[in-house]
Amino acid sequence: MLDDVLKGEIQGAYRRVLEAQGLTPRYGQRLMIAEIARTLSAIEADDAGRRLSDEHVCVLEAGTGTGKTLAYLLAALPVAKARGKRLVVATATIALQEQVLLQDLPTLKAHSGLDFDYALAKGRGRYVCLTRLEQALDGVEDNPTLSLFEQSLAQGAGDHFQALVQEMAEAYGSGRWEGDRESWPEAIEDTDWRRLTIDHRQCTNRRCGHFGACAFFRARRDLESADIIVANHDLVLADLSLGGGVVLPPPGDCIYVFDEGHHLPDKALNHFAHRVGINGTLRWLGNLKKSLTELNQALAIQPALARLLAGLPETIAALEPRLGEAFSFGHQLAGRQHGLEEGEESHQHRFEMGRVPDALRQHAGNLLVGFAELSRTLETMSDILRESLDPDKHTGLEREQAEAWLPLLALLHGRALEAHGLWEAYAETDMEGEAPRARWLTLERFGGDPELVFSASPVSAAPTLAKSLWGSCFGAVVTSATLTALGRFERLQERAGLANRYRYQRLPSPFDYSRAVLSVPREAVDPGDRDAHERAIVDFVSGLGNKEAVLMLFSSRAQLRAVEKALPAKWRERVLAQDRLPKRELIERHRARVDAGEGSVIFGLASFAEGIDLPGDYLTHVVITRLPFAVPDDPVGATLAEWIESRGGNPFMRISVPDASIKLVQACGRLIRKEADQGRITLLDRRVLTRRYGQALLDALPPFRREIESV
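First residue of the sequence shown: 1, per UniProt numbering; consecutive thereafter.
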């Protein structure tokens, strides 16, 4: 229960923040604070702080202008501290993460009267490894075999590498740089950064001579004292995939807030997918085979390592021809026995309902056995090397040798595990009655050489999220401006594994949507007739006012370019096209034109329908050229649609229409960003009037004034 002391603390903090900033209370914001505080404070726990109740998650749709960041911080922080838990705020985008870190939390700390500390959490791979930096600085590789191996994977390193490490070492030593990639003043090439960082398998932790000064563990120590930890969705998911409590605190000790929560299901799917290239695998296996002489010279002095090394040639020899057969087999299945055709950049072949031919499934089973054996061998070798770093353990191997070779074996172990996961997904049979995995092949080119990539992915992240996230955390808040589809939460529940018993609420917006007009003009046509649709768009653009600030959203790059090309010359000069300018520069040019009293038209793709903030006169007209139905070439979505259809469902109405509703709301949301904003939204797709789903899409939009013109 929310006791009077806690309620008073939250209300007092809210009042102080509003007074300090000269703000007035917002109804939706007050409701959000109350709902979060009520949900989190009602969680039942035992004497050890373990959650007992199962209504510990609240899902809140809060539109732009609600002030949701302040609301969830004010409500969740006092409850988290009272329950002895840590508050983990996870965002989907860097922009929001920076806003929370640089604006919202400093404001809260300065004015609320609440006493708290906060820190940013990032994965190990975002920090420099001081051992690697020292080796690069000395110009002497601690393990030349590892260096050659990584360089071959990275397709070469930057020419300026030595100057970069010199500058980094000086900056870190003087305290001017904290050792993370993001705070380095210039962009660092991936090939260079890979030589300066490591993953969790390669790190020797407390056994490393640089442990005390390590950038990653220094940041970890800051996390240990922080009441609020700011992270991103990917880091939370990565931590959960490692069992939880590796980078972040254990889930049972956390109250999570997932801002931009509509991104969470897709982020989770990416974490559970597997993607392995045949030639890429053959390359690293070949490098391992070439390294066996050096490995034996360095490590075979230890009996267990000698025995394991002796078995590697046979394991590799069994895998290489089987991978070659998979390469040929994949090309046959894809209908490209001789590779990509002339002028073809890539070719995808998806297995219907995720079912692969029995011959391929059996072949995958053989590869699975081989990679399972290789993974076990490399894991055991890595474990022996880690033990050799402990001065209290006597393995018969010198610490210096173990330290030099552990990064290589850990790297190889990670590669073997990736391959094992992929072939396991191809070898297993999907459970009867459950959604299948999506499985597909992609023929492409890598560095000019042909590559065949095998991919597999669950079609839903719901079961994993339900178990590893919602089932294991102490409490959670999921919020975003767009969580409902067609006005309901069912689609999000289905995709994110959120139970019916959790609390769901749509909060009222502070905006007066009658200040905007939703228009379906006479020019709107059915985009099924592509030529007529493009002509209609060109005609509409040509009729825009000379001083309008317009965002025109396209569903395909090809149509964007076709319309731009067909415009009269004077209009082409006014258009700022997304595919011709970097996003930041495009926005700056658009703002400059509006400031100068000129008209400006942005041509953007789907990414411009979310996250673009152009308040006031910077955006007075949003034009949506086509209803935002997903392009039906995504193998995961296509497999899910087949499965739904096989069970008598209608995938278009169950998936496509709800997802289009969310995207349409997001696109319309670009217009009204402040309470005084006004303008027009134009839909140039007549299907919203002629198809049976059209009315449902319109009803899910905010209450704009409507101007619907019949043909």
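Note that CB positions come from ideal geometry on N, CA and C, so glycine has one too.
What is the C-beta distance between residue i and residue j, in whole angstroms, given that I count them as a contact (C-beta under 8 Å)?
i	j	result
VAL688	VAL520	6 Å
ARG501	ASP138	Not quite, the Cβ-Cβ distance comes to about 59 Å (not below 8 Å), so this is no contact.
LEU299	LEU305	5 Å
LEU240	SER468	5 Å
VAL601	LEU576	7 Å
LYS663	PRO628	4 Å
PHE474	LYS85	5 Å
ALA427	ARG439	Contact doesn't hold; Cβ gap of about 11 Å is too wide.
ARG670	ALA609	7 Å
LEU308	THR395	That pair is no contact at about 13 Å.
ALA20	HIS111	4 Å
LEU684	ALA532	No, LEU684 and ALA532 are not in contact; Cβ-Cβ is about 11 Å, not under 8 Å.
THR93	GLY604	In fact, because the Cβ distance is near 16 Å, the residues do not count as touching under 8 Å.
LEU108	TYR14	Contact doesn't hold; Cβ gap of about 10 Å is too wide.
Please work out which residues of its chain come closer than 6 Å, Cβ to Cβ, to residue i, disregarding the five sequence neighbours upstream and downstream, and give them in chain order.
i	result
ARG176	none
LEU105	TYR118
GLU61	LEU483, THR484, ARG506
PHE216	ARG124, TYR127
THR204	LEU389
GLN11	none
ILE708	VAL520
ARG705	SER514, VAL517
LYS547	GLY599
LEU374	THR315, ALA416
SER661	ALA485, LEU486, LEU697, ALA700
Using a Cβ-Cβ cutoff of less than 7 Å, which residues in the same chain neighbour residue i once the five nearest sequence positions on both sides are dropped?
i	result
residue 738	Missing from the structure shown is residue 738; the chain here goes from 1 to 711 and no further.
residue 722	Beyond the ends of the chain as shown, which are 1 and 711, falls residue 722; an answer cannot be given.
LEU153	The pLDDT assigned to LEU153 is 49, lower than 50, so where the model puts this residue is not dependable; a value taken from the coordinates is nonetheless given after this. These residues qualify, in order along the chain: TRP284.
GLN678	ARG515, ALA516
List the residues that DSSP assigns as beta-bridge partners of residue i.
i	result
HIS347	LEU443
THR620	For THR620, which the question treats as bridged, DSSP gives no partner whatsoever.
TYR693	Looking at the DSSP assignment, TYR693 forms no beta bridge with any residue, so it has no partner.
TYR504	VAL59
PRO458	ARG437
MET353	Answer is none; MET353 lacks a bridge partner.
LEU2	Partner(s): none; LEU2 has no beta bridge.
ASP554	Checking the sequence, you will find Phe at residue 554 rather than Asp. In the DSSP output, where bridge partners are listed per residue, PHE554 has none listed.
CYS254	ARG86
VAL601	VAL550, VAL575
ASP46	In the DSSP output, where bridge partners are listed per residue, ASP46 has none listed.
Compute the distance between the beta-carbons of residue i and residue j, then report whether it is under 8 Å.
i	j	result
ALA419	VAL276	yes
LEU452	LEU443	yes
LEU87	LEU77	yes
ALA410	ILE681	no
LEU701	VAL665	yes
ARG336	HIS363	no
THR64	ARG673	yes
SER556	PRO251	no
PRO510	GLY28	yes
PHE272	SER457	yes
ALA90	VAL236	yes
GLU586	VAL57	Here residue 586 turns out to be Leu, not Glu, going by the sequence shown. Their beta carbons are not under 8 Å apart, which means LEU586 does not touch VAL57 by this criterion.
LEU248	ALA121	yes
ALA269	ALA461	Here residue 269 turns out to be Leu, not Ala, going by the sequence shown. Contact flag set, yes.
MET353	TRP571	no
ALA416	LEU553	no
ARG503	VAL230	no
ASP579	ARG686	no
ALA136	ARG218	no
GLU387	LYS393	yes
LEU486	PRO651	no
ALA334	HIS349	yes
LEU397	SER382	no
Going by beta carbon distance, what residues of the same chain come within less than 8 Å of residue i, once the five residues before and after it are set aside?
i	result
GLY156	With a pLDDT of 43 at GLY156, under the threshold of 50, the modelled position of this residue cannot be trusted; read the value that follows with caution. So the list reads THR191, once near-sequence residues are dropped.
GLY158	With a pLDDT of 46 at GLY158, under the threshold of 50, the modelled position of that residue is not reliable, and the figure given next carries that caveat. Correct list, in chain order: LEU164, GLU189, THR191, ASP192.
PRO313	LYS289, LEU292
LEU567	VAL538, VAL541, SER542, VAL575
Shorter than 7 Å, the distance from the beta carbon of residue i to the closest heavy atom of the ligand HEM, or not?
i	result
ALA402	Ligands in the displayed structure: none, and consequently the ligand HEM is not present.
Go through the region 64-126 residue by residue and report every complete run of the beta strand (DSSP E) that reaches 3 residues or more, in order.
86-91, 118-120
Complete runs of the alpha helix (DSSP H) confined to the region 178-245 [at least 4 residues]:
190-194, 215-224, 233-241
Every unbroken beta strand (DSSP E) inside the region 470-496 [3 residues or more]
475-480
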